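Chains as they are written, first to last, in this note's numbering: chain A, 12 to 285; chain B, 38 to 674.
Glycine residues also receive a C-beta, built at the ideal position from the N, C-alpha and C atoms.
Quick caveat: nothing in here was measured; it's all calculated off a predicted structure.
Presented below is the structure to which this report refers.
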Amino acid sequence: MKIQKLLVAPLTLAALISLAATAHATPQQEERFKGAVASLTAGKPEEAVLALEALRDDGIDDASVSFDLGLAYLSRARIAESPGDLGRAVFSFEEAKSLTHSDVLHAECTRLAGEVRSVIAKRRARLGQPTDMEEAPPPSRAFSTILPEDNWAEATLACAALLFIGLVLRDRTSGRVKVASSILAAGSGLLIVIAGLATSQRRSDRLSLEEAIVVADEVRPTDEKHIVLADAPALAAGTRVRVTDRRAGYAEVRTHGQIAWVPERTILSLPRAN
Amino acid sequence: MTKLRSLLLGLVALCIVLAHGPARAQLHFHMKDVETQVDQGEVEVGDTVHVTLRAMSESTLPERPDLGQHPGFTVRGGPSVSQSQSVQIINGRTSSRRGITATWSLTATTVGTFTIGPPSAFVGATKLTSDAVRVRVVKKGAIQRGSDPLDPFGGPSTMDPWKSFFGAPDGRDTRAAPPTDPALGLDHDDSVPLFMHATIDRSSVVVGEQVTYTALLYVDPDLADQDFIMEHEAAAASFLKQTLVADDANSKQLGYAKVRSRVYRVKQVRKVAFFPVSTGTLEIGEQEIRYPLGNRYVSAKTEKLPVKVGEPPTKGRPLGYSLGDTGHFELSADVKPREIDQGDVTAINVTLSGTGNVPRAALPLPLQKDVAFLQPELSEKLGSADKDRFAAVDTFRYVVRIDRAGDVDLGAIELPFFDPDRKAYFTARAVLGVVHVKKGDVKQAAPSDPNPVVLPEGPPPFDTLDGTRAASARHLADAGWFWYALLGSPLSYVLLKVSGAAARRVTARRRERAQSPDAELGRRHADAKAKAKASQSGKDTVAAVKRYVEEIAVARASVNVKGEAAEGIASLLLEGGVSSALAKDTSALLTACADLAFSPDDVPMKEAHALLARAEKLERALTLESRTVEANREETE
């Protein structure tokens with residue numbers, strides 16, 4: 012009985028914490044979302060932008076809201092483009108990508124963000140400006156993104172178990188079984204190192220990596236004293252940057268091997284990996 | 038003939054008079070343009086008088102003013118020179134005159150009546166000399182002080198506006214001080230001839246709320262009113278700035294202020310509306326001027342003024358509110374024509390008026406498909422409204438092309454704003470109404486770019502919330518047990534390996550020990566003791582005790598005393614390293630056991646148990662002695 016009580020109490024607490032941490036839309040917010048979708052469908056993107064931005068301000072982190080907001084900015088830009096529309100469209104699609112667990116929505120966001128970036132790049136290319144907007148991640152990060160963090164962790168645990176079995180069998184058997192056990196132990200040991208490092212990389216990214224998208228049409232990078240860097244190319248809307256520091260309304264960002272300071276209002280941070 | 042000659046002479050004389058008349062009149066005019074004034078005709082010793090020379094000229098600017106002689110007085114300061122210009126239009130003829138006003142401050146040193154001057158100045162090479170002035174100097178305290186109640190300014194002449202207040206140069210003599218405005222008074226060091234002071238009407242505002250900034254210059258009235266140099270304006274990087282006066286270049290005379298015990302002349306140098314654009318404690322920086330004082334310039338700065346800026350409340354904030362839209366705004370719109378052909382344009386004039394931080398960049402337009410708003414033309418009128426509020430009227434002229442036939446509702450332009458006076462949000466709204474669009478051929482405008490970059494068409498929007506994101510998912514790698522399990526696998530193998538080896542070693546040792554002579558001895562010794570305790574009869578117990586003692590001797594001294602006589606037992610034990618006392622005890626115990634064992638009578642159990650107790654005690658003593666000996670030997674080694 013005592014054991015039952017001991018188990019039930021932490022499980023209940025965990026469930027309560029989990030429920031409290033998840034922001035669910037209220038019926039009113041769902042109604043506003045449907046109104047925004049109706050405006051967007053009716054070809055009134057300005058209204059949709061306002062309503063969807065208000066939902067985001069209410070703390071609704073939802074992939075559909077972000078995706079539709081990207082569409083609203085895109086639609087507004089098609090009718091009468093305002094400064095920052097394309098950057099915000101890219102940001103919204105990237106945000107939806109980060110929030111969703113749906114493969115379909117993820118693929119659609121990737122496609123649309125890529126197409127908008129392509130339009131920005133073409134415009135810049137015509138003006139003879141640099142067009143790089145996404146930097147290839149370092150090999151370790153690129154490799155670690157093959158699997159989600161928990162899958163890496165599970166693989167690490169499985170390899171650890173196999174290593175144990177292989178070592179024990181190696182000691183207790185002889186002949187071919189001993190050889191096979193030795194190979195199993197060695198292979199598992201190698202895989203533990205690889206999967207463990209990937210798990211650690213994904214965990215570190217989740218806890219400390221802050222990425223942002225440039226939403227202003229063009230941002231001139233500055234140094235720490237906010238003096239424009241003469242040789243540095245301007246950052247285009249839609250550029251993905253890594254934020255490493257924030258100070259007095261400016262953010263230190265890294266992209267394409269360049270470290271610079273930009274006004275905080277010209278970038279929007281993506282949600283961290285969950 | 039005589040008459041004719043007389044007539045000719047008369048005509049010539051008339052011509053001469055006519056020709057010279059204006060010249061003489063001009064000369065007279067010149068003479069009037071040099072004038073000297075003194076502010077007091079009678080002073081006491083130690084008092085200060087001010088002598089002012091005004092020189093005007095139609096040609097070049099008079100220069101090099103000179104006071105002339107001044108017996109009985111010493112020059113305390115001056116000349117302070119200011120320039121002036123006047124333009125007159127008489128009967129369509131324009132005349133311009135330029136002049137200077139030079140002022141000297143003199144201190145009376147001797148009793149008497151003195152002539153000062155005549156002061157003079159040069160116009161080019163010509164010296165213009167004015168009249169000398171006479172001043173009577175009496176001894177200290179001889180003049181009755183008092184002001185004319187009917188003339189608070191002391192009756193200044195039109196020529197000398199400083200006459201009444203030049204008598205208080207150091208601020209201590211207030212006999213002719215002008216009326217001061219308490220609102221301009223402040224606590225400041227009054228030993229300086231001039232200083233600057235800045236004020237703001239509020240120090241805690243929200244983003245976009247107007248802060249009215251006023252920079253004032255306090256100058257000693259003794260100093261001539263001169264143009265100063267604006268060294269730099271107040272730095273306010275986090276504010277939008279709008280001037281509240283039409284002519285910012287000219288400072289405005291506000292009156293006089295009493296600063297501690299001294300009177301200053303106060304001028305408004307700037308009156309500006311600042312609108313903060315970000316939150317936090319922002320700063321309006323110093324404003325600095327340089328004021329001419331004799332042959333040098335004196336610098337004066339305003340204070341730095343902090344302003345706390347917050348955000349308007351989030352509660353009740355309407356959709357589309359843009360941070361900084363603060364004030365009170367009104368919108369109106371006019372659409373003409375209301376009937377057009379498909380693909381044609383109509384004009385919309387939107388007027389945004391109001392006070393505060395009126396947005397002038399762009400209006401939130403009701404964009405929709407097939408309705409294209411072209412870039413607007415903007416005209417604006419800026420100024421100040423009541424209570425120094427900044428006001429603006431902006432007119433946006435849009436050309437709107439409509440490509441859809443039918444009644445097209447253009448919607449409404451809405452501009453939410455925060456009113457800081459009423460501390461609430463409002464929305465300025467202008468309804469654009471419906472435009473009747475007749476069906477026709479849509480005229481496609483020739484594209485300016487033959488190869489335009491086309492934005493992608495978006496798919497239909499998602500109409501249900503995704504809701505798949507867990508706000509704070511728990512990951513395996515965050516759990517402590519994950520890392521323990523990861524390290525546990527190899528560690529448990531190592532542990533298993535080590536513990537197996539240890540167990541094997543212990544087993545082997547045990548086995549080894551079980552087979553040794555010592556172990557055999559121990560076993561026999563234990564058996565004998567057990568038998569001694571378990572025996573039921575006295576004789577059996579005594580016999581068992583005897584075997585027990587013999588086994589003790591073997592175990593502790595490695596000597597076999599079985600069958601030995603008492604003396605032999607003792608000597609054997611001594612050879613085995615046992616102390617003589619214990620050897621004797623052992624010998625005695627064995628002898629007692631032998632005596633009782635061979636006695637014809639039965640041995641009482643009590644006696645037998647007493648022997649067993651003696652044997653156990655002996656064993657303990659022998660064990661202790663053997664350990665001591667062992668320890669001493671190890672120590673020696």
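Secondary structure note for His-117(A): it is in no beta strand (DSSP E), and the uninterrupted alpha helix (DSSP H) holding it is 114-137.
Secondary structure at Val-226(A): coil, using DSSP grouped into helix, strand and coil.
A straight line joining the alpha-carbon of Ile-137(B) with that of Leu-291(B) spans about 24 Å. Only Ala-399, Pro-401, Leu-402, Pro-403, Leu-404, Gln-405, Lys-406, Asp-407, Val-408 and Ala-409 from the region 380-409 of chain B bring a Cβ to less than 9 Å from some Cβ of chain A. Under the Cβ criterion of 9 Å, Thr-210(A) is counted among the residues facing chain B.
With fewer than 16 other Cβ atoms inside 10 Å of its own Cβ, Ala-172(A) counts as exposed.
For Arg-89(A), the closest Cβ of chain B is nearer than 9 Å. Judged by DSSP in its simplified three-state form, Asp-444(B) adopts strand.
The beta carbon of Phe-104(A) sits closer than 6 Å to the beta carbons of Gly-81, Cys-120, Leu-123 and Ala-124 from its chain, once the five residues preceding and following it are set aside; these are given in chain order. The beta carbon of Ala-569(B) is closer than 8 Å to those of Thr-578, Ala-581, Val-582, Arg-584, Tyr-585, Leu-649 and Ala-652 in its chain, skipping five residues each way along the sequence. For Thr-318(B), the closest Cβ of chain A is not nearer than 9 Å. Residue state for Ala-248(A) is assigned as coil, using DSSP reduced to three classes. According to the DSSP secondary-structure assignment, Met-233(B) is paired through a beta bridge with Leu-254(B). Taking a 10 Å sphere around the C-beta of Lys-643(B), we find fewer than 16 other C-beta atoms and assign the residue as exposed. For Lys-534(B), the nearest beta carbon of chain A is closer than 9 Å to its own beta carbon. Under the Cβ distance rule, Thr-111(A) counts among the residues neighbouring chain B, one pair being separated by less than 9 Å. Apart from the 5 residues on each side of it in sequence, Gly-559(B) sits with its Cβ closer than 8 Å to the Cβ of Ala-592 in its chain, given in chain order.
Between Pro-457(B) and Val-243(B), the C-beta spacing is below 9 Å. The criterion of a C-beta distance shorter than 9 Å is not satisfied by Ala-620(B) and Ala-634(B). Contact between Phe-311(B) and Tyr-255(B) is absent: CB atoms are separated by about 22 Å, not below the 8 Å threshold. Taking C-beta atoms as the reference points, Thr-217(B) and Lys-341(B) fail to come closer than 9 Å.
By alpha-carbon distance to Asp-515(B), the top candidate from Ser-215(A), Cys-170(A), Lys-45(A) and Ser-109(A) is Ser-215(A). Arg-135(B) and Ser-94(B) have their C-alpha atoms roughly 5 Å apart. Taking Ile-237(B) as reference, the option from Ser-228(B), Glu-268(B), Ala-158(B) and Gln-247(B) with the minimal CA-CA separation is Gln-247(B). Ranked by Cα distance from Tyr-334(B), the first of Glu-674(B), Ala-590(B), Asp-444(B) and Ser-117(B) is Ser-117(B). For Arg-593(B), the enclosing alpha helix (DSSP H) starts and ends at 575-594.
For Gly-614(B), same chain residues with a beta-carbon under 7 Å away, outside a window of 5 residues either side, are Ala-594 and Val-666 in chain order. With a 10 Å radius around the Cβ and a threshold of 16 neighbouring Cβ atoms, Ala-399(B) comes out exposed. Rounded to the nearest angstrom, the gap between the Cα atoms of Arg-459(B) and Pro-349(B) is 12 Å. Its chain contains Ile-224, Val-226 and Leu-279 as the residues whose beta carbon lies nearer than 7 Å to that of Phe-102(A), once the 5 sequence neighbours on both sides are disregarded; these appear in chain order. For Leu-389(B), the closest alpha carbon among the candidates Ala-538(B), Thr-501(B) and Arg-434(B) is that of Arg-434(B).
Here Pro-38(A) carries a helix assignment [DSSP, helix/strand/coil]. Excluding five sequence positions before and after Phe-78(A), the CB atoms of its chain that fall closer than 6 Å to its own CB belong to Ala-107, given in chain order. Between the region 99-106 of chain B and the region 149-165 of chain B there are three or more C-beta pairs closer than 8 Å, enough to call the two in contact.
Per the C-alpha coordinates, the member of Pro-232(A), Glu-160(A), Val-190(A) and Trp-163(A) positioned closest to Asp-242(A) is Pro-232(A).
In the DSSP annotation of this structure, Asn-394(B) is not part of any beta strand (DSSP E), being labelled neither H nor E.
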